[in-house]
Each structure stands twice: as structure tokens, then as C-alpha cells.
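For reference, the structure is listed below as C-alpha cells.
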Amino acid sequence: MSDGREKAGRFCAECSGQLWGEPVNFPQLAVIQPGTLDDASWLRPIGHIWTGSAQPWVSLPESPLNFPGQPEDLMVLVNAWLTRPRE
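Using the working numbering, read the sequence shown as starting at 63 and increasing by one per residue.
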């Protein structure tokens with residue numbers, strides 16, 4: 063990546079679309095590309111990253127877990143996901 067971070071990706075064999083990314087220095091994390099899901103209705107995001115480059119027409123809910131770029135500590139998001147209320 064342009065800032066020196068490394069990320070491996072997993073891609074669809076048919077269309078070459080990225081399915082998820084794996085930060086090399088954070089191997090226990092998989093970053094899902096939700097646009098690749100057939101049904102995303104079950105997704106309940108706990109936060110959003112790279113909001114600073116969102117299109118002007120995108121409306122995101124206010125959250126302390128929204129970041130304009132890459133969070134310095136990804137564990138903030140991981141811990142929020144681990145402790146989220148379960149349905």
C-alpha cells in the first residue's frame with residue numbers, strides 16, 4: 063500500500079473481484095468487501111473506515127468508530143465487534 067502497509071487479498075476466480083483482504087501485520091483479521099456479498103441485509107457495521115474519501119451522497123450514522131482514514135489501532139474496531147450485542 064502507498065503508506066508502506068502490506069495486505070494480501072483473496073479474489074474470485076471467475077470475476078477477479080476482491081472478496082477480502084488480510085493485513086500482513088494483523089493476520090487474525092480479515093477485511094470483508096461487503097459489496098461482493100449476494101445478501102448484505104444481515105450486516106450490522108460497528109464502524110466505518112476511510113470516511114474521508116466517501117462520496118458526497120453517502121450518509122453514514124454518527125459513531126465514535128467512524129474514521130476518516132486508517133485507524134491507528136485496529137483493535138478498537140476488533141474489540142467493539144467482539145463485545146457487540148448479539149441478536
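A virtual CB, placed ideally from N, CA and C, is assigned to each residue, including glycine.
Model, not experiment: these values are computed from the prediction.
What residue from the options has the CA that sits closest to residue i's CA?
i       : options                           : result
Trp-143 : Leu-99, Ala-92 and Phe-73         : Ala-92
Gly-48  : Trp-104, Gly-109 and Pro-123      : Beyond the ends of the chain as shown, which are 63 and 149, falls residue 48; an answer cannot be given.
Gln-80  : Pro-89, Thr-98 and Gln-90         : Thr-98
Val-140 : Pro-89, Ala-75, Cys-74 and Arg-72 : Pro-89
Gly-83  : Ala-70, Ala-102 and Ser-103       : Ala-70
Suppose you measure from the CA of residue i to the CA of residue j; what does that come to, to the nearest Å?
i       : j       : result
Arg-106 : Cys-77  : 26 Å
Glu-149 : Ser-115 : 31 Å
Cys-74  : Val-120 : 27 Å
Thr-145 : Pro-118 : 31 Å
Pro-147 : Arg-72  : 29 Å
So residue i is in the alpha helix (DSSP H); what residue range does that whole segment cover?
i       : result
Glu-81  : Going by the sequence as given, residue 81 is Leu instead of Glu. Note, Leu-81: premise wrong, no alpha helix (DSSP H); beta strand (DSSP E) at 80 to 85.
Asn-141 : 137 to 144
Within this structure, are the beta carbons of residue i and residue j separated by less than 9 Å?
i       : j       : result
Asn-128 : Ile-111 : yes
Pro-96  : Leu-136 : no
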